[in-house]
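Residue numbers (this note's numbering): 8 to 160. Glycine included, each C-beta is placed from N, C-alpha and C at the ideal position. These numbers were taken from a predicted model, which means no experiment stands behind them. Quick notes on the structure that follows.
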């Protein structure tokens, strides 16, 4: 599809769980709409994310230290990429624990990054405060893409 407009290319940080293909779906639909968007986000290979501390810093003396070393490096990555992003999309699903998504969404809001939260109706109550801090909350990827498309109108 032909690109819409010749406005700026946006960089979007995709926050959310890494256990299914929601990012691929969003990227595919973005390309179909011809939107000028680049995506960044967390390390999507779970094993690599968990092992990065030991890979860079060497063997750690226990699980706590291994997790802390990986967390330090993953948090550094998140901060750098999120600060470079024009806005953030945080997807909350029903199938996985959402701690990292909540942390990333709160970080984005704290950094004053425009934030779109995608969450199912079943999570309205648990996410009510976070949703009220975000710029926009929607229920589907398509709704989030409609918001991005609106930037080019």
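A direct Cα-Cα distance of roughly 20 Å separates residue 100 from residue 121. Around the beta carbon of residue 59, 16 or more other beta carbons lie within 10 angstroms, which makes this residue buried.
Residue range 94-98 is occupied by the beta strand (DSSP E) that includes residue 98. In the same chain as residue 86, and ignoring 5 residues on each side of it, the C-beta atoms closer than 8 Å to its own belong to 114, in chain order. Non-local beta-carbon contacts of residue 63 in its own chain, meaning distances under 7 Å to residues more than five positions away in sequence, involve 80 in chain order. If you ignore the 5 residues before and after residue 152, its C-beta comes within less than 8 Å of the C-beta of 33, 36, 37, 40, 42, all in its own chain and listed in chain order. Of the residues assessed, residue 157 falls on the exposed side of the cut-off, its CB having fewer than 16 other CB atoms within 10 angstroms.
Under DSSP, residue 144 forms a beta bridge with 124.
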